[in-house]
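If you're matching positions, the sequence shown starts at 576 in this note's numbering and goes up one per residue. Don't be surprised by glycine CBs; every beta carbon is placed ideally from N, CA and C. All values derive from a computational prediction rather than experimental measurement.
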Amino acid sequence: MRVVAVFGGGGAKSLAHAGAWRALLEAGLQPLHIVGTSMGAVIGAALAAGSTYQRIVDIALSLQKKDFAALDASCALPLYLPPQVIDGHRLGDGGLRAVVPLDVARRIPADLVVAVDVGPGFDEPPVANKAPIPPLVRAHGEAIRVMMAAQTERVIADWPKEAPRLVMVRAVAEREATFAVDAAERFLKAGYDATTRALGDTLDAQTRQTHRRGQP
576 MRVVAVFGGG GAKSLAHAGA WRALLEAGLQ PLHIVGTSMG AVIGAALAAG
626 STYQRIVDIA LSLQKKDFAA LDASCALPLY LPPQVIDGHR LGDGGLRAVV
676 PLDVARRIPA DLVVAVDVGP GFDEPPVANK APIPPLVRAH GEAIRVMMAA
726 QTERVIADWP KEAPRLVMVR AVAEREATFA VDAAERFLKA GYDATTRALG
776 DTLDAQTRQT HRRGQP
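As structure tokens, then:
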């Protein structure tokens with residue numbers, strides 16, 4: 576089966592993608608392609624380069640908040656890092672356009688697309704203890720959150736019927752957790768558990784459908 580893995584952006588929450596990768600491999604689904612946005616692209620690049628799940632776990636547990644705001648990272652957190660002009664093109668973090676990059680994934684020949692969403696969503700519960708963020712920064716962040724959540728809902732709704740089968744995995748739904756590196760183990764487990772459940776439901780349904788086709 577040709578599988579494409581899609582890893583959305585979400586800062587520290589993107590560590591859930593490593594857990595999702597482990598679940599995919601345990602299900603016997605080795606992705607042929609990885610598509611990622613923002614921190615999801617960083618995790619995806621590490622996995623594509625041959626990093627093991629355990630290697631990413633070791634790195635994740637050693638991370639500090641400053642590591643998610645390094646000026647030489649492969650993602651550029653909106654608001655905190657402004658767009659840069661490279662070869663005449665103004666480039667910003669991919670999350671501004673597609674925090675879950677399904678448009679790219681659907682152009683890749685595949686039988687199954689597994690997309691792991693850890694970004695902003697309308698399903699996120701209110702924050703109990705809000706971080707001490709300046710009001711203007713919080714308002715800007717909330718505007719981006721709504722924009723990204725709406726983009727994700729739209730791209731899922733627009734997934735063509737003739738496209739490969741899409742399995743959406745909502746691994747983490749938390750506000751103001753972009754820098755929550757202290758929750759790395761929880762995010763890793765959440766990605767593994769949510770993907771295992773989603774794949775189980777998908778593969779069971781596929782098995783039942785195949786069985787029905789084989790019946791006289």
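Query: Sequence ranges, beta strand (DSSP E) only - wholly within the segment 679-732, length at least 3; Result: 687-692
Query: Counted within 10 angstroms of its Cβ, other Cβ atoms place His592 as buried (16 or more) or exposed; Result: buried
Query: Start-to-end residues for the beta strand (DSSP E) that takes in Val611; Result: For clarity, residue 611 is Gly in the given sequence; the question names Val instead. Residues 608-611.
Query: The segment 675-695 / the segment 743-760 touching (three or more Cβ pairs under 8 Å); Result: yes
Query: Residues near Asp686 in its chain [Cβ-Cβ closer than 8 Å; skip 5 each side]; Result: Met576, Arg577, Val578, Pro739, Arg740
Query: Status (buried if at least 16 other CB within 10 Å, exposed otherwise) for Ala703; Result: exposed
Query: Simplified DSSP assignment, three categories, for Val756; Result: helix
Query: Distance between beta carbons of Leu763 and Ala602, contact taken as under 8 Å; Result: Actually they are not in contact, since the Cβ atoms of Ala602 and Leu763 sit about 17 Å apart, beyond 8 Å.
Query: Residue nearest to Arg772 in terms of C-alpha spacing, selected from Ala624, Ala595, Asp662; Result: Ala595
Query: Under the three-state DSSP convention, the category Arg587 falls into; Result: For the sequence presented, residue 587 should be read as Ala rather than Arg. Three-state DSSP puts Ala587 in a helix.
Query: Supposed close pair Ser589, Asp668 - CB separation, criterion 8 Å; Result: With a Cβ gap of about 12 Å, Ser589 and Asp668 do not count as contacting.
Query: Residue from Gly766, Ala580, Ala587 whose Cα sits closest to the Cα of Phe754; Result: Ala587
Query: Three-state secondary structure assigned by DSSP to Leu646; Result: With a pLDDT of only 47 at Leu646, under the threshold of 50, the placement of this residue in the model should not be trusted; the figure read from the coordinates follows. If DSSP states are grouped into helix, strand and coil, Leu646 belongs with coil.
Query: Proximity of Val581 and Val610 at Cβ, strictly below 8 Å; Result: yes
Query: Arg750 - DSSP class collapsed to helix/strand/coil; Result: coil
Query: Gln726 classed as buried or exposed, judged by whether at least 16 other C-beta atoms fall within 10 angstroms; Result: buried
Query: Closer than 7 Å: Arg577 CB and nearest the ligand NAD heavy atom; Result: Among the ligands in the structure shown, none appear at all, so the ligand NAD cannot be discussed.
Query: Met743 in three-state terms, based on DSSP; Result: strand
Query: Val675, buried or exposed, once every other Cβ within 10 Å from all chains shown has been counted against 16; Result: buried
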